[in-house]
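In our numbering, the protein residues as written are 197 to 422. Positions of the beta carbon are idealized from the N, C-alpha and C atoms, including for glycine.
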Ligand SMILES: C[S@@+](CC[C@H](N)C(=O)[O-])C[C@H]1O[C@@H](n2cnc3c(N)ncnc32)[C@H](O)[C@@H]1O
């Protein structure tokens with residue numbers, strides 16, 4: 197039998213346990229008919245697929261990691277959603293969509309790449325006037341960010357904190373236990389051990405950084421001007 201440590205580390209399974217928060221944020225939006233949604237930093241698309249299921253709209257997922265997009269493309273086909281989800285290898289810093297292309301921009305776990313303020317500023321023009329922006333970000337100065345929202349031509353709708361232990365209980369804890377199990381399975385495979393070391397480093401980083409424990413959803417609406 198051929199083993200593949202990368203596919204054994206099935207993060208999507210753990211990530212999907214946190215989709216309850218994606219659903220909670222989605223419910224904060226009014227019902228939109230066939231919304232055009234952009235998912236920025238979609239990765240392997242656990243959230244992208246859920247956005248397509250939650251809406252009756254079309255979703256574009258962008259990311260710079262082609263391997264992740266390839267995995268997502270397979271899942272889109274398997275889910276029969278080829279007509280509603282498209283992927284694009286494109287940086288969030290270099291998006292070329294026409295102004296007002298989307299009813300909703302959604303981004304989970306990716307705005308650390310450019311920062312909260314820059315994301316609001318740079319992405320505004322791609323949202324149609326009165327369209328929505330939903331961000332899932334690491335803990336940080338929540339009140340400062342909420343105060344910043346109206347200064348950047350958005351109206352704050354709501355926010356909520358993902359419980360402090362959710363990322364450990366649902367994602368990093370099970371990932372660490374999985375890594376421990378795979379150490380034995382791949383005990384004679386040095387290359388696999390390097391991949392497991394890398395995954396363990398990510399778990400250790402999580403443990404050492406309190407700002408990773410818990411995260412925040414921000415839901416806002418682009419104002420009609422600007
Ligand atoms: C922590 S993952 C989040 C994936 C997914 N949104 C989720 O919540 O499960 C962050 C993603 O941002 C992507 N990313 C990093 N820099 C990027 C950039 N400049 N433009 C677009 N995506 C980027 C990474 O490749 C990665 O897939």
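- When rounded, the separation of the alpha-carbon atoms in residue 357 and residue 262 is 31 Å.
- Residue 365 has its alpha-carbon roughly 21 Å from the corresponding atom of residue 241.
- Between the alpha carbons of residue 270 and residue 277 lies a gap of roughly 10 Å.
- Shown here, residue 380 sits in a helix according to DSSP, grouped into three states.
- Residue 293 and residue 308 have their alpha carbons spaced roughly 22 Å apart.
- DSSP places residue 386 inside the alpha helix (DSSP H), whose first and last residues are 386 to 404.
- Using a 10 angstroms sphere on the CB of residue 236, the tally of other CB atoms reaches 16 or more, which defines it as buried.
- Comparing alpha-carbon positions, the option among 256, 274, 272, 313 lying closest to residue 301 turns out to be 256.
- Residue pairing from DSSP leaves residue 243 without any beta-bridge partner.
- When rounded, the separation of the alpha-carbon atoms in residue 390 and residue 369 is 20 Å.
- Relative to ligand 1, the beta carbon of residue 305 is positioned inside 6 Å of a heavy atom.
- Rounded to the nearest whole angstrom, the C-alpha separation of residue 322 and residue 378 is 43 Å.
- Per DSSP, residue 208 is one residue of the alpha helix (DSSP H) stretching across 207 to 212.
- Excluding the 5 residues flanking it on each side, residue 338 has same chain C-beta neighbours closer than 8 Å at 355, 357, 412, in chain order.
- In this structure, the CA atom of residue 268 is about 10 Å from the CA atom of residue 208.
- Ranked by Cα distance from residue 331, the first of 349, 282, 290, 417 is 417.
- Setting aside the 5 residues that flank it on each side, residue 250 is surrounded in the same chain by 219, 222, each with a C-beta closer than 7 Å to its C-beta; the list follows chain order.
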